[in-house]
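**Q** If you want my numbering, it's the position in the sequence shown, counting the first as 1, plus 434.
By construction, the Cβ of each residue, glycine as well, lies at the ideal position given by its N, Cα and C atoms.
Mind having a look at this structure? Questions to follow.
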Amino acid sequence: LAGVAPPGTAPDELRDTFVANLRYAAGRLAEAGLRLLIEPINTRDRPGFYLSRSTQAGEIIDAVGTDNLYLQFDVYHTQVMQGDVVNNFEAQRRRIRHVQIADNPGRHEPGTGELNFPFILGAIDR
């Protein structure tokens, strides 16, 4: 996980450090034939968390530029931060290698909140 950004750190410095660290880790893991996944976490539940949107994760993955770094897409975190879960999923589909599901509010079982899981799961299955 990216972790909480230190207060007062410049956004460019955070991004550059994160990209460099991921590039190093992905390179080491590639030597062993392994993949690395990053997961955006919403800043409502984790205030100050650096990686908080799937769009940001996609930009980071592209900046790292390795073929073994992917996105762990979390339906709940995406709904909290961005909404429009299916369109965000589709925009990142080529980068996604794992999907986590939970309903909102409260990060509970699918079907207990506001999300349309038949629609979301249908999109994932396509």
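For T505 and S488, which I take to be in contact (beta-carbon distance under 8 Å), what is that distance rounded to the nearest angstrom?
**A** For the purposes of this step, residue 505 is taken as residue 71 along the sequence shown, with counting starting at 1. For the purposes of this step, residue 488 is taken as residue 54 along the sequence shown, with counting starting at 1. In the sequence on display, residue 505 carries Leu and not Thr. Contact holds; Cβ gap of about 7 Å.
**Q** Identify the continuous alpha helix (DSSP H) that holds I558 and give its terminal residues.
**A** As a first step, residue 558 is located in the sequence shown; it is residue number 124 there, counting from the start. From DSSP, the alpha helix (DSSP H) with I558 extends over 551-559.
**Q** Less than 8 Å between the beta carbons of R527 and N502, yes or no?
**A** Taking the first residue of the sequence shown as position 1, residue 527 is located at position 93. Taking the first residue of the sequence shown as position 1, residue 502 is located at position 68. Not closer than 8 Å, so no.
**Q** So, helix, strand or coil for Q526, using DSSP?
**A** Mapped onto the sequence shown, residue 526 falls at position 92. Looking at Q526 - three-state DSSP - the assignment turns out to be helix.
**Q** Give the list of continuous alpha helix (DSSP H) stretches no shorter than 4 residues that lie fully inside the segment 439-478.
**A** If we require 4 residues or more, the alpha helix (DSSP H) runs fully inside the segment 439-478 come out as 445-465.
**Q** Measuring only the C-alpha atoms, how far is G442 from V453?
**A** Residue mapping note: residue 442 aligns to position 8 of the sequence shown, counting from 1. Residue mapping note: residue 453 aligns to position 19 of the sequence shown, counting from 1. So the two alpha carbons sit approximately 19 Å from each other.
**Q** For Q516, which residues of its own chain have a beta-carbon under 8 Å away from its beta-carbon, when the five flanking residues on both sides are left out?
**A** Looking up residue 516 in the sequence shown gives position 82. Excluding sequence neighbours, Q516 sits near R487, S488, T489, N522.
**Q** Could you tell me the distance, in whole angstroms, from the CA atom of A459 to the CA atom of I494?
**A** Looking up residue 459 in the sequence shown gives position 25. Looking up residue 494 in the sequence shown gives position 60. The straight-line gap from Cα to Cα measures roughly 14 Å.
**Q** Under three-state DSSP, which class holds Y510?
**A** Indexing the sequence shown from 1 puts residue 510 at position 76. Helix, per DSSP.
**Q** For A436 and F483, which I take to be in contact (beta-carbon distance under 8 Å), what is that distance rounded to the nearest angstrom?
**A** Taking the sequence shown and counting its residues from 1, the one referred to as residue 436 is at position 2. Taking the sequence shown and counting its residues from 1, the one referred to as residue 483 is at position 49. 7 Å between Cβ atoms; contact.
**Q** Go ahead and pull the three-state DSSP assignment for Q534.
**A** The count along the sequence shown starts at 1 and reaches residue 534 at position 100. Three-state result, Q534: strand.
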